[in-house]
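Heads up, the thing below is written out as structure tokens.
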Amino acid sequence: MIAESDARAWIEAYGQAWVARDPDRIVRLFTPDATYRERRYQPALTGIDAIRNYWEVIVAASQRDVSFEPDFVAVAGDQAVIHWTAQFTWLPINGIMELDAMNRVTFAGETLGGLRLATAFEEWIEIREA
Numbered sequence: 011m012i013a014e015s016d017a018r019a020w021i022e023a024y025g026q027a028w029v030a031r032d033p034d035r036i037v038r039l040f041t042p043d044a045t046y047r048e049r050r051y052q053p054a055l056t057g058i059d060a061i062r063n064y065w066e067v068i069v070a071a072s073q074r075d076v077s078f079e080p081d082f083v084a085v086a087g088d089q090a091v092i093h094w095t096a097q098f099t100w101l102p103i104n105g106i107m108e109l110d111a112m113n114r115v116t117f118a119g120e121t122l123g124g125l126r127l128a129t130a131f132e133e134w135i136e137i138r139e140a
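Right, here's the structure in full:
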């Protein structure tokens, strides 16, 4: 079972890693065999090497001036559902991207640095070019 406070701490750490554009901090939030699905109709990334590569290519290399605001967390069993918004400069278009998303995060019993590790990350997202 995941406590709401643990889920909130996890999403805060996720947001801090994103704002810092730090793939190493992101992968420390996941189990070695975690899955990460950003797009519903594409296969999930599997394992921290795939997650790190995604964050190196998509986030660290292509985003700047990231802001992240989680505003809702609900928990049930070992899962949390989290709503958040984010904004960043997307370098491929040299413009602002605004995101409004929901995540379902499944947590393992393992912890690292006081945070529960995620074993599955799924996202439903709306994107607007501002």
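Numbering (the working numbering), first residue to last: 11 to 140.
Just so it is clear, CB atoms sit at the ideal spot from N, CA and C, and this is done for glycine as well.
May I ask you to verify whether the region 119-135 touches the region 94-108, counting CB pairs closer than 8 Å and requiring at least 3? no
Pro53 versus Ala130: straight-line alpha-carbon distance, rounded: Position 43 of the sequence shown, counted from the start, is the residue given in the question as residue 53. Position 120 of the sequence shown, counted from the start, is the residue given in the question as residue 130. Those two C-alpha atoms are separated by around 13 Å.
Continuous alpha helix (DSSP H) stretch holding Asp34: start and end: For the purposes of this step, residue 34 is taken as residue 24 along the sequence shown, with counting starting at 1. That run of the alpha helix (DSSP H) goes Pro33 to Val37.
Mapping the DSSP letters down to three states, classify Arg74 as helix, strand or coil. Sequence index remark: in the sequence shown, residue 74 carries index 64 (1-based). Three-state DSSP puts Arg74 in a strand.
Quick one: Cα of Met107 to Cα of Ala140, how far? Within the sequence shown, residue 107 is the residue found at index 97, counting from 1. Within the sequence shown, residue 140 is the residue found at index 130, counting from 1. Distance between the alpha carbons of Met107 and Ala140 is about 6 Å.
Enclosing alpha helix (DSSP H) for Asp59 [first to last residue]: In the sequence shown, residue 59 corresponds to position 49, counting from 1. For Asp59, the enclosing alpha helix (DSSP H) stretches over residues Ile58 to Tyr64.
I need the straight-line Cα distance from Val76 to Met11, nearest angstrom please. For the purposes of this step, residue 76 is taken as residue 66 along the sequence shown, with counting starting at 1. For the purposes of this step, residue 11 is taken as residue 1 along the sequence shown, with counting starting at 1. CA-CA distance, Val76 to Met11, rounds to 31 Å.
Contact between the region 99-106 and the region 19-36 is defined here as three or more beta-carbon pairs at a separation below 8 Å; is this criterion met? Judged by pairs of C-beta atoms under 8 Å, the region 99-106 does not touch the region 19-36, as fewer than three such pairs exist.
If we ignore side chains and look at the alpha-carbon of each, how far apart do Ala17 and Val85 end up? Counted from its first residue, the sequence shown places residue 17 at position 7. Counted from its first residue, the sequence shown places residue 85 at position 75. CA-to-CA, the gap between Ala17 and Val85 works out to about 8 Å.
Give the single residue among Ala27, Ala19 and Gly119 whose Cα lies nearest to the Cα of Ala70. Working through the sequence shown from its first residue, we reach residue 70 at position 60. Per the Cα distances, Ala27.
How should Pro42 be labelled, buried or exposed, when 16 other C-beta atoms within 10 angstroms of its C-beta is the threshold for buried? Here residue 42 is taken as the residue at index 32 of the sequence shown, counted from 1. By the neighbour-count rule (16 or more Cβ atoms within 10 Å), Pro42 is not buried but exposed.
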